[in-house]
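Everything on this sheet refers to the single structure shown next.
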Amino acid sequence: MKIDELYALLRRRGVLWPTAEIYGGLQGLYDYGPLGAALKRNVENAWSAWFLGLSPDYHRIEPAEFLPEATVRASGHLENFTDTEVTCESCGASFRADTLLEKIRPEGIDGLSASDVAALVRTSGAKCPSCGSSSLKLPRAFNMMLGVGLGVAGGEKAYLQPETAQASYLAFARMWDVGRRALPLGIGVIGRAYRNEIAPRQVLFRMRAFTQAELQVFFDPAGFPVPFATVAAEPLPVLRASARESGATEAETRRASELVAAGIPEFYVYHLAQMFRFLRDVLGYPAERLRFLEKSEKERAFYNRIQFDAEARIDSLGGFREVGAVHYRGDYDLTRHAAGSGRELAVTPTGGATFVPHVLELTFGVDRNVWALADLHLARDGERTVWKLPAFLAPIEVGVLPLIGKEHGAFAEALTATLLGRGLAARYDEAGSIGRRYARMDEAGTPFCVTVDGGTVGDGPEHGTVTLRLRDSRAQERVPAEALPARLEAAVRPPRPAVP
RNA sequence: GCGGGCAUAGUGUAGUCUGGUUAUCACAUAGGCUUGCCAAGCCUAUAACCCGGGUUCAAAUCCCGGUGCCCGCACCA
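In structure tokens, the structure reads:
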């Protein structure tokens with residue numbers, strides 16, 4: 002579907018809509034409705050079940066979303082999140098300052114302040130590459146972080162976190178002390194990140210407030226044992242940076258073991274493979290719509306030693322878009338925060354040498370994946386519109402429909418209450434013909450419908466049985482109503498990884 | 001942030017160029033009748049010109065500003 006069509010459908014069904022819609026909305030901010038909020042919660046739960054299930058030493062914490070100014074100074078966000086755009090006042094074209102300054106400053110402008118960059122552009126005598134005019138509007142100091150003043154006078158400067166990762170780095174010292182004082186140690190966060198995006202776009206793909214699910218794994222660079230044999234044969238669609246440099250645009254399938262043979266560490270490939278399994282086996286993205294795009298040294302942040310972005314081909318957005326990533330960040334984060342805080346963050350395991358732990362970051366954009374789940378699983382099938390969500394992600398798990406409201410409604414309502422009591426997201430619906438109600442449920446992604454009919458409430462052999470109707474195959478089977486909870490519960494539990 | 005395009009019920013739209021009756025149609029939603037396992041039929045109801053200003057006897061229609069959305073550039077999870 003096209004982006005407008007998909008977004009209209011999601012608005013109509015109450016999955017999501019613009020924040021403050023009655024005031025005309027506000028760019029880059031969205032509210033989730035009942036279906037969207039439930040779907041998002043289910044995605045978060047599936048993420049937790051999978052990634053925290055990789056090891057008993059991977060834990061989830063829930064930090065505050067404010068970062069004191071000193072922390073973002075140490076992390077580099079204060080100086081590096083800068084707008085480096087130069088606009089030509091004559092022809093209106095825009096350029097990146099580093100491109101404009103390439104000749105006189107080939108090492109780039111990372112770390113320079115906006116005023117430094119402006120001074121460089123001015124003294125270089127740079128002209129607009131498009132029209133040759135020298136009337137260039139210079140870069141302004143623009144930080145993408147949203148600052149807040151805490152306290153009555155607002156004198157305590159803090160920032161809304163621009164990524165959740167920092168909270169995990171800040172928590173490392175405490176987690177080391179409350180834990181087993183052993184590595185690897187994983188600290189996961191599902192939380193909101195806030196960025197003052199200049200041009201939010203494409204609904205859930207560029208937002209000013211968005212939810213990230215991130216796992217930071219701290220480990221000893223001398224050894225990070227993983228059960229690699231369990232993923233060695235996994236075929237991964239990868240597009241290597243070296244292949245891209247020689248013009249390749251299509252991913253190639255490489256077994257995990259081949260990537261290790263090519264020089265990528267086992268611990269990295271292992272987690273890359275688990276990311277792949279999560280996207281393919283848990284979220285149900287077709288393998289042929291997934292790829293891992295390796296970022297070259299030039300493209301990735303300087304502290305990232307290895308970076309593969311997980312991308313899904315999303316038709317409504319016109320191609321492959323990033324939905325997650327795996328970053329090997331070295332010891333950059335803890336080293337910076339040790340310097341910034343004055344706190345020792347190196348560790349000394351019993352009987353071992355002292356070192357600063359390295360970080361492997363698994364990052365996952367929750368909102369982006371909600372959109373991907375809509376794009377990849379929601380489709381027209383003739384007259385029907387069916388959202389083929391995995392059952393454990395469905396906002397409504399089972400629809401309960403009386404064939405005739407007046408005659409079968411009481412039984413169906415009681416059954417709905419029973420299912421709700423068993424923790425199943427059940428929804429009663431008696432409005433309209435049975436076909437119309439199936440269609441409504443199909444569009445909401447409900448995997449199961451049960452229909453109460455004359456046989457259910459009669460005295461015949463079908464007494465107490467209902468029709469269980471499956472969304473994807475439309476197959477029906479007769480089952481005792483009492484058997485439903487047990488039958489459905491297994492299907493709505495998110496899968497966990499198979500780890501030894 | 002720049003350039004281009006767009007904005008009419010819940011959704012999709014006609015009408016805008018060329019200002020002038022009660023703003024078109026379909027689907028959806030709600031109620032009734034009927035039917036009774038895959039969006040059936042009939043009747044009824046609810047419901048819209050993005051916001052603000054200007055021109056005019058008269059603005060959905062023309063002009064200006066704002067806001068939002070889409071595409072490209074730039075940026076980015």
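Last residue of the first sequence: number 501 in my numbering, and the count goes up by one each step with no gaps.
By construction, the Cβ of each residue, glycine as well, lies at the ideal position given by its N, Cα and C atoms.
Residue i classed as buried or exposed, judged by whether at least 16 other C-beta atoms fall within 10 angstroms
{"i": "His464", "result": "exposed"}
{"i": "Lys299", "result": "exposed"}
{"i": "Leu151", "result": "exposed"}
{"i": "Ser169", "result": "buried"}
{"i": "Ser243", "result": "exposed"}
{"i": "Leu394", "result": "buried"}
{"i": "Arg202", "result": "exposed"}
{"i": "Val500", "result": "exposed"}
{"i": "Ile315", "result": "buried"}
{"i": "Tyr31", "result": "buried"}
{"i": "Thr417", "result": "buried"}
Proximity of residue i and residue j at Cβ, strictly below 8 Å
{"i": "Ala75", "j": "Ala340", "result": "yes"}
{"i": "Leu346", "j": "Ala174", "result": "yes"}
{"i": "Leu280", "j": "Tyr286", "result": "yes"}
{"i": "Ala302", "j": "Gly325", "result": "no"}
{"i": "Asn29", "j": "Leu17", "result": "Correcting the residue type first, residue 29 is Gly in the shown sequence and not Asn. Not in contact: Gly29 and Leu17 (Cβ atoms no closer than 8 Å)."}
{"i": "Ala252", "j": "Leu260", "result": "no"}
{"i": "Gly192", "j": "Glu323", "result": "no"}
{"i": "Thr468", "j": "Pro481", "result": "no"}
{"i": "Leu404", "j": "Asp430", "result": "no"}
{"i": "Ala288", "j": "Pro238", "result": "yes"}
{"i": "Ala172", "j": "Pro57", "result": "no"}
{"i": "Tyr269", "j": "Val232", "result": "no"}
{"i": "Ala440", "j": "Pro396", "result": "no"}
{"i": "Arg494", "j": "Trp51", "result": "no"}
According to DSSP, residues forming a beta bridge with residue i
{"i": "Phe206", "result": "None; Phe206 has no bridge partner."}
{"i": "Gly187", "result": "Tyr59, Val218"}
{"i": "Gly325", "result": "Ala311, Phe365"}
{"i": "Ala194", "result": "Phe211"}
{"i": "Thr386", "result": "Arg381"}
{"i": "Leu404", "result": "Leu404 is not bridged to any residue."}
{"i": "Glu490", "result": "In the DSSP output, where bridge partners are listed per residue, Glu490 has none listed."}
{"i": "Asp32", "result": "Trp18"}
{"i": "Pro236", "result": "Arg256"}
{"i": "Tyr429", "result": "Val401"}
{"i": "Tyr160", "result": "Leu68, Gly148"}
{"i": "Arg231", "result": "Strictly speaking, residue 231 in this sequence is Thr, with Arg absent from that position. For Thr231, which the question treats as bridged, DSSP gives no partner whatsoever."}
{"i": "Val360", "result": "Phe219, Gly331"}
{"i": "Arg74", "result": "Looking at the DSSP assignment, Arg74 forms no beta bridge with any residue, so it has no partner."}
{"i": "Arg292", "result": "Glu312"}
Range covered by the alpha helix (DSSP H) that runs through residue i
{"i": "Tyr8", "result": "4-13"}
{"i": "Pro35", "result": "35-52"}
{"i": "Thr349", "result": "Counting along the chain, Thr349 falls outside any alpha helix (DSSP H), and DSSP gives it neither H nor E."}
{"i": "Tyr1", "result": "Given that the chain is displayed from residue 2 to residue 501, the structure contains no residue 1 and the question cannot be resolved."}
{"i": "Ala445", "result": "435-445"}
{"i": "Glu246", "result": "242-246"}
{"i": "Val500", "result": "Note, Val500: premise wrong, no alpha helix (DSSP H); not H, not E."}
{"i": "Val153", "result": "From DSSP, Val153 is part of no alpha helix (DSSP H); its letter is neither H nor E."}
Extent of the continuous beta strand (DSSP E) run through residue i
{"i": "Ala380", "result": "379-382"}
{"i": "Gln477", "result": "477-481"}
{"i": "Val467", "result": "466-471"}
{"i": "Leu27", "result": "First-last for Leu27: undefined, no H or E at that position."}
{"i": "Phe173", "result": "Looking at the DSSP string, Phe173 is not in any beta strand (DSSP E); the run it does join, the alpha helix (DSSP H), is 166-179."}
Count Cβ pairs between the region 214-221 and the region 348-363 that sit closer than 8 Å; are there 3 or more? Output reads yes: the region 348-363 touches the region 214-221.
Open item on the list: With three or more C-beta pairs closer than 8 Å as the rule, is the region 192-206 touching the region 342-356?
Closed with: no
- Query: Does the region 367-386 touch the region 438-452, meaning 3 or more C-beta pairs lie closer than 8 Å?
  - Reply: The answer is yes - the region 367-386 touches the region 438-452, with three or more Cβ pairs under 8 Å.
Say whether the region 382-397 touches the region 465-483, bearing in mind that this needs 3 or more beta-carbon pairs closer than 8 Å, one atom from each stretch. yes
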